[in-house]
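Going by full-length UniProt numbering, the first residue of the sequence shown is number 2, and it counts up by one from there. What follows is a set of notes on a single structure, which appears directly below.
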Amino acid sequence: DSITIHTSTNQYQVHIGQKIRHKVPVFLSKHYPSILIITDSVVADLYLEDVKRSFSSEQQIFTAIVPAGEASKNKDCFFDLITKCIDSSLDRHSLIIALGGGVVGDLAGFVAASYMRGIDYVQIPTTLLAHDSSVGGKVAINHPQGKNLIGSFYPPQAVVYDVETLYTLPEQEIRSGYAEIIKHGLISDEVYFEDIIQNGSINKLSNSILMDHLLKGIAVKAEIVEKDEKESGQRQYLNLGHTLGHAIEAELGYGAITHGEAVAIGLLFAMKVSETVYSEDFPYQRLKNWMKKNNYPLTVTGLDEQALIGRMKKDKKSKNQKVQMVLLKSIGKPCVHEVDDRLLMELLHKFLRELV
Ligand code: NAD
Ligand code: ZN
């Protein structure tokens, strides 16, 4: 399967299939004399050889392995990778491959965007969450004062998504990625959303249901980023669940729970606020039950409401110290809404108590 993504300057394809990591060159429109594969320490052991071997012997293949985890999205890793590009004599005809999850995708993508003002790169995502992060062309590293503060919009030449690599993912990472799939369901289509909470399960990855959910999720993301490449309007809808989600991640300290697990809580909260603001009924309880069944850590303790709201106000969407949240008028109909401080406090207070 493949999905084409049109950007303002070019277009690229997301190829999705089993075992396609073994034939990466098939998906490239050019022949690259030299290639740097950037991956992390966990993924290197699992899939680096497969990807390397897929290229012909006359191509020069270089590799760079960063430590697994969010901490690698830092300036030193970035700079070392640029040095690696220089030492490997990469030029404008070279290719960078990002082999791994969103961390490697964001980091390697930013290296590709920066080296010589931009050379080609290809994403080979290996996590479920990366169905989201590899599509849309956002690349970045972190600043000590905030995530993704240094970055760029820089689309890849192609995305080669070998879903077979997902079978080795730890359960927590599957949970993380599935939360973004749910988000894609909530902002696009009630039928899709219902299908996820009725048939989706983080323990049954080896079936066609996941493929279907994943393809639809990519299609939703693709459609939105095509309409709004630089995040001025519709793309904000992709932040459903993220205003509170990011605040929880930051409050607990990155790594305490995964991004998607924090977003899952944020999705539930967005539903609650939507219910109040739009007087609409939402399948809050059923979504919560699905999350419980799949062992999402919903009962995080030690969260302070004031601190969370303070962080929500620092969100990129916020205007004049007011929290802007993505809400749902109904499933499939997202919108951005300014939530009054008092209401926010009241709802968050109640919500956090209900979760426990
Ligand atoms: P990750 O890249 O850290 O991967 C999670 C863990 O799984 C890592 O330890 C990794 O080594 C391991 N792993 C990866 N693939 C594996 C496999 N196939 N088998 C076994 N283990 C494997 O995290 P992630 O959740 O994929 O991505 C999170 C990052 O993505 C964050 O930095 C976030 O900011 C970024 N992100 C970017 C965008 C975007 O649009 N650019 C969107 C969402 C998230
Ligand atoms: Zn996210």
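Glycine included, C-beta positions come from ideal geometry on N, C-alpha and C. Since the structure is predicted, the reported quantities are computational estimates derived from the model, not experimental observations.
query	result
What does a CB cutoff of less than 7 Å around H7 pick up in its chain, not counting 5 residues either side in sequence?	E227
Ignoring anything shorter than 4 residues, give me the alpha helix (DSSP H) runs that lie fully in the region 222-254, in order along the chain.	243-253
What residue from E165, T169, F283, V301 has the CA that sits closest to H23's CA?	E165
I think V337 touches V324, with their Cβ atoms under 8 Å apart; what is that distance to the nearest whole Å?	Contact doesn't hold; Cβ gap of about 11 Å is too wide.
Count the other CB atoms, across all protein chains shown, that sit within 10 Å of the CB of L150; report buried if there are 16 or more and exposed otherwise.	exposed
Of all the options L187, K330, H94, which has the alpha carbon lying nearest to the alpha carbon of T277?	K330
Kindly indicate which three-state DSSP category G147 falls into: helix, strand or coil?	strand
Quick one: using the 10 Å Cβ neighbour count with 16 as the cut-off for buried, is E59 buried or exposed?	exposed
Using only CA atoms, which one of D51, L304, N75, I183 lies nearest to E250?	L304
Looking only at C-alpha atoms, which of V221, Y297, G152 sits nearest to I182?	V221
So does S134 have its beta carbon nearer than 6 Å to some heavy atom of the ligand FAD?	By its list of ligands, the structure shown excludes the ligand FAD, since it contains just the ligand NAD and the ligand ZN.
Going by DSSP in three states, Y13 sits in which element: helix, strand or coil?	strand
Since V140 and G110 should fall inside the 8 Å C-beta cutoff, what is the C-beta to C-beta distance between them, to a whole number of angstroms?	3 Å
Looking at C-alpha atoms only, which residue of V301, H243, K31 is the closest neighbour of A271?	H243
Where does V301 fall in DSSP's three states?	coil
Whole angstroms are fine: how far does the CA of G234 sit from the CA of L187?	18 Å
Is there at least one non-hydrogen atom of the ligand NAD closer than 6 Å to the beta-carbon of F69?	What sits at residue 69 in the sequence shown is Ala, not Phe. Result yes, Cβ under 6 Å from the ligand NAD.
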